[in-house]
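Quick mapping for you: the protein sequence lines, in order, are chains R and U. Per our numbering, the first sequence starts with residue 5, numbered consecutively. Per our numbering, the second sequence starts with residue 19, numbered consecutively. We treat Cβ as the ideally placed atom computed from N, Cα and C, and that holds for glycine. Below: the structure, in structure tokens.
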Amino acid sequence: MSLAIIGQQLVNGLTLGGMYALIALGYTLVYGIMLMINFAHSEMFMSGAFVGLFVLTELSRFSFFTGSGLGVLLMLLLTFLTATVVVGTLGVLVERLAYRPLRHAPRLAPLISAIGVSIFLQQAVLLFVSAKQLPFPNFITVIKFNLGPVTVNTLQIFIVSLSLILLAVLDTFISRTRMGKAMRATSQDRDAAGLMGIDINRVISTTFFIGPALGAVAGICSGMYYGSIVFNMGFIPGIKSFTAAVIGGIGNLRGAMLGGFTLGIIESLAAGFVSSGYKDVIAFAILILVLIFRPGGLLGESVIEKV
Amino acid sequence: MAKMDVKTNVATRMPPWKWALYIVLALAALVLPVVFQIMQNLFMVHIFGLIGIYVVLALGLNIVVGYAGLLDLGYIAFYAMGAYSGVILGNVGLQILGKGFAPWAYWAMLPVAAVVAAGTGVALGTPVLRLKGDYLAIVTLGFGEIVRIIATNWSQLTNGAAGLPRAAEFVPAPAGQQWVTTHLSTSTFTFSADLWWYYVIGALCLVTVFFVRRLDNSRLGRAWIAMREDMVAAASVGINITTTKLWAFSLGALWGGVGGITYGYWIGFISPESFNFFESVLIVCMVVLGGMGSIPGAALGAVIIAGLPEIIRYLGQSQLFSRFLTPDQANAIGNYRYLVFGLLMVIMMAWRPQGFLPSSRRARELHPEDELLLEEESAEISSASL
Chain R
5 MSLAIIGQQL
15 VNGLTLGGMY
25 ALIALGYTLV
35 YGIMLMINFA
45 HSEMFMSGAF
55 VGLFVLTELS
65 RFSFFTGSGL
75 GVLLMLLLTF
85 LTATVVVGTL
95 GVLVERLAYR
105 PLRHAPRLAP
115 LISAIGVSIF
125 LQQAVLLFVS
135 AKQLPFPNFI
145 TVIKFNLGPV
155 TVNTLQIFIV
165 SLSLILLAVL
175 DTFISRTRMG
185 KAMRATSQDR
195 DAAGLMGIDI
205 NRVISTTFFI
215 GPALGAVAGI
225 CSGMYYGSIV
235 FNMGFIPGIK
245 SFTAAVIGGI
255 GNLRGAMLGG
265 FTLGIIESLA
275 AGFVSSGYKD
285 VIAFAILILV
295 LIFRPGGLLG
305 ESVIEKV
Chain U
19 MAKMDVKTNV
29 ATRMPPWKWA
39 LYIVLALAAL
49 VLPVVFQIMQ
59 NLFMVHIFGL
69 IGIYVVLALG
79 LNIVVGYAGL
89 LDLGYIAFYA
99 MGAYSGVILG
109 NVGLQILGKG
119 FAPWAYWAML
129 PVAAVVAAGT
139 GVALGTPVLR
149 LKGDYLAIVT
159 LGFGEIVRII
169 ATNWSQLTNG
179 AAGLPRAAEF
189 VPAPAGQQWV
199 TTHLSTSTFT
209 FSADLWWYYV
219 IGALCLVTVF
229 FVRRLDNSRL
239 GRAWIAMRED
249 MVAAASVGIN
259 ITTTKLWAFS
269 LGALWGGVGG
279 ITYGYWIGFI
289 SPESFNFFES
299 VLIVCMVVLG
309 GMGSIPGAAL
319 GAVIIAGLPE
329 IIRYLGQSQL
339 FSRFLTPDQA
349 NAIGNYRYLV
359 FGLLMVIMMA
369 WRPQGFLPSS
379 RRARELHPED
389 ELLLEEESAE
399 ISSASL
């Protein structure tokens, strides 16, 4: 066990954690407002990657975008923007069609519905786009920096800083804006918030736009980082990001971020020192242990159940 | 006054048309595979057996999801435990007891695999007792994945992704199969192994139905329903939530194990890929589609989801229906099935959450707004009568 390997795995873990954190934010936002696990969220991550691939492929036909550094930057910006808008809209649609009719149903109903949405979206991509792995182009020049024995590249820096920036933006949005206040009120008590004149449906729709949009960003990052995407790519990261949200304390934004980085680092270290075949087992075992021993998570408050 | 019998006799309550329907269905289930066998259509015989396995699984999961109201997204793990323990322990038995044990391996290992799976159910159930609803669902999902990943990586035991049996080993044909093939075959008709297995699986289905029916009206069954509807109220009337939940997990898992070992010995090959998350979801889908907590519902769900796409595919290839359905169209329908199942789950939850053949109790529970109306009505009536 050398320090160099630990350092390298820490860097890899941070990158992985950045992506987990972005997805976990979506789980935690929706859970905070609706008290439901949006099982279809992993498909938002996947859809984001596919929309991103489509936009990138179309835009890279123009030499204007690929010619200069500024062009590439513009192209990436357009890609991220389109993917967030498209996937955000998809999220709103899913909520409208699959979850809203079940708002007063027993809690099992929306969960099963969400599983249905998840299967539907996966199969739709499998049947209408591609059943195979598709290569994902990367336009960020990967420059490696050697910090002692540890190598860091620009893509890793990009992913980690992007996730940190988006968290900061989201945090400000929730704590400073009128809509953010409405969201916080809704998550505390939906009915009371409605009585105070908050348009609950608008708050829920906004939540279902922001969450999937962040998932889409993570999807594109994942595509660039791993170089390929496939229709069922969302499942494992989805479950792990949910784990991250639980580790941090579900319903808590900063907790989701902390949980994401924690899980990413633990997983990378486990892959480096135990066995890469078992790294998923370790993540799932952590999920089970956290749920049993500290269901409130690291930053979550313990909720007293009312009868 | 004569003492009222609380147990209503189901046999007398069932209308004659229902009896007739059940008899027709039973006859079809008994005869159709033989017809297909005579037509040399081994594929359809195989599909019938597969549907039977899924009926056992759906009925088993129905105990957990339908009766006890605990959403288990890792049910396939018990199926895997049954299959792996059955095949591995069967081979251990062969090595110890020699070739003479071979015909008895399946029959001897059937209860063992069931107990191993039920034990796994208790092992999973114990730590997650405090969780409920969606948390429980996620943990069971994680558990299912853990079992699959271990089966993939623990090569010494499971031979990893290459699957069991290993090159030097074999999965023996059970006693009875050879006898049937030699004695019941004629010059034009072979009583194939698939057909034999179909009848074994059919018998297992009947045993499962009997078992689950007995549970339905037992003290334990009523405790499950009480717990599902209101855990706190159930606990307050003296139901031990811990043991009641554990019973649900272990008795549900038991049938997963039975299905698993039967599949393993029938197909003669198991690999971790047969036990992925998607299979768990399919079984949940069967229970939901048919009707949570309903025995005919779970069976119907299994028939629809495991059988319908294959039957459509078959009809497309047969001469009889070629005018309505080309093979290409039938294949396309087969490919779109999961898409349709996903959509069906969403539609069913919004439109008919109680499923196609609901249990009456569960149907009332899933329409809370009606219950609210009833309460309001009764409140009005009681206030009016004052």
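Alpha-carbon to alpha-carbon, residue j and residue i
i, j, result
"U:S210", "U:T199", "6 angstroms"
"R:E309", "R:G17", "Because the pLDDT of R:E309 is 49, which lies under 50, any placement of that residue in the model is unreliable, and the number read from its coordinates should be weighed accordingly. One C-alpha to the other measures close to 36 angstroms."
"U:W37", "U:G70", "21 angstroms"
"R:R258", "U:V140", "36 angstroms"
"U:Y102", "U:I301", "19 angstroms"
"R:G30", "R:E47", "12 angstroms"
"R:S226", "R:F235", "13 angstroms"
"U:G137", "U:L107", "16 angstroms"
"U:Y281", "R:F149", "54 angstroms"
"R:A249", "R:L267", "10 angstroms"
"R:S232", "R:P141", "8 angstroms"
"R:F143", "U:Q113", "59 angstroms"
"U:S236", "U:D90", "22 angstroms"
"U:I257", "U:L154", "20 angstroms"
"R:T93", "R:F213", "6 angstroms"
"U:L361", "R:F124", "6 angstroms"
Residue from the options with nearest C-alpha to residue i
i, options, result
"U:E345", "U:R355, U:T138, U:G325 and U:L333", "First, the amino acid is wrong: residue 345 of chain U is Pro here, not Glu. For U:P345, the nearest C-alpha among the options comes from U:L333."
"R:L14", "R:R188, R:F212, R:T155 and R:S279", "R:T155"
"U:L12", "U:P376, U:Y281, U:T260 and U:A244", "Because chain U here runs from 19 to 404, residue 12 of chain U falls outside it and cannot be looked at."
"R:L291", "R:F84, R:G21 and R:G252", "R:G252"
"R:L39", "R:R194, R:T266, R:L303 and R:F288", "R:R194"
"R:M50", "R:L138, R:F149, R:P114 and R:M200", "R:L138"
"R:T158", "R:Y229, R:L273, R:G301 and R:T88", "R:Y229"
"U:G160", "R:I243, R:T190 and R:Y24", "R:I243"
"U:W242", "U:F188, U:A76 and U:A86", "U:A86"
"R:G56", "R:I296, R:T83, R:G36 and R:L199", "R:T83"
"R:G22", "R:D203, R:L85 and R:I169", "R:I169"
"R:I296", "U:G220, U:V146, U:D234 and U:I329", "U:V146"
"R:V397", "R:A87, R:S279, R:L74 and R:L26", "Any property of residue 397 of chain R remains undetermined from this structure, which presents chain R solely from 5 to 311."
"U:S205", "U:A120, U:I56, U:P371 and U:V42", "U:I56"
"U:L77", "U:M245, U:A244, U:G274 and U:Q372", "U:G274"
"R:F43", "R:V98, R:F54, R:G71 and R:G73", "R:V98"
Neighbour list for residue i in chain U, Cβ cutoff strictly below 7 angstroms
i, result
"R:R111", "G151 and D152"
DSSP-derived helix/strand/coil call for residue i
i, result
"R:F149", "strand"
"U:D23", "Confidence in U:D23 is poor, its pLDDT being 49 and thus under 50, which makes the residue's placement too unreliable to answer from."
"R:V156", "strand"
"U:L375", "coil"
"R:P139", "strand"
"R:S232", "strand"
"R:Y24", "helix"
"U:L362", "helix"
"U:I106", "helix"
"R:I270", "helix"
"U:V321", "helix"
"U:K150", "coil"
"R:I202", "coil"
"R:P299", "coil"
"U:Q58", "coil"
"R:V278", "coil"
"U:E163", "helix"
"R:E47", "helix"
"R:D195", "helix"
"R:A109", "coil"
Partners in chain R for residue i, counting only beta-carbon separations shorter than 8 angstroms
i, result
"U:A155", "I41 and L115"
"U:F295", "F239"
Under 7 angstroms by beta carbon: chain R residues contacting residue i
i, result
"U:E163", "D284 and F288"
"U:N80", "The premise fails here: U:N80 is roughly 14 angstroms from chain R at the closest Cβ pair, so nothing lies under 7 angstroms."
"U:M304", "Those within 7 angstroms of U:M304 in chain R number zero; the least Cβ separation is about 12 angstroms."
Residues that residue i contacts on chain U, provided the C-beta gap is smaller than 9 angstroms
i, result
"R:Q137", "Here the premise fails: no neighbours, minimum Cβ distance about 17 angstroms."
"R:F235", "By Cβ distance, chain U contributes nothing, its closest Cβ being about 11 angstroms from R:F235, past 9 angstroms."
Contact list for residue i against chain R, beta-carbon separation under 9 angstroms
i, result
"U:I168", "Y282 and V285"
"U:Y354", "Q127 and L131"
"U:G360", "I119, G120, V121, S122, I123, F124, L125, Q126, Q127 and A128"
Residues bridged to residue i (per DSSP)
i, result
"U:I288", "U:L182"
heavy atom of the ligand FAD below 7 angstroms from residue i C-beta
i, result
"R:I161", "Looking at this structure, you won't find the ligand FAD or any other ligand, since it has none at all."
Below-8 angstroms beta-carbon distance, residue i vs any chain A residue
i, result
"R:P141", "In the structure shown, chain A does not exist; the protein chains are R and U."
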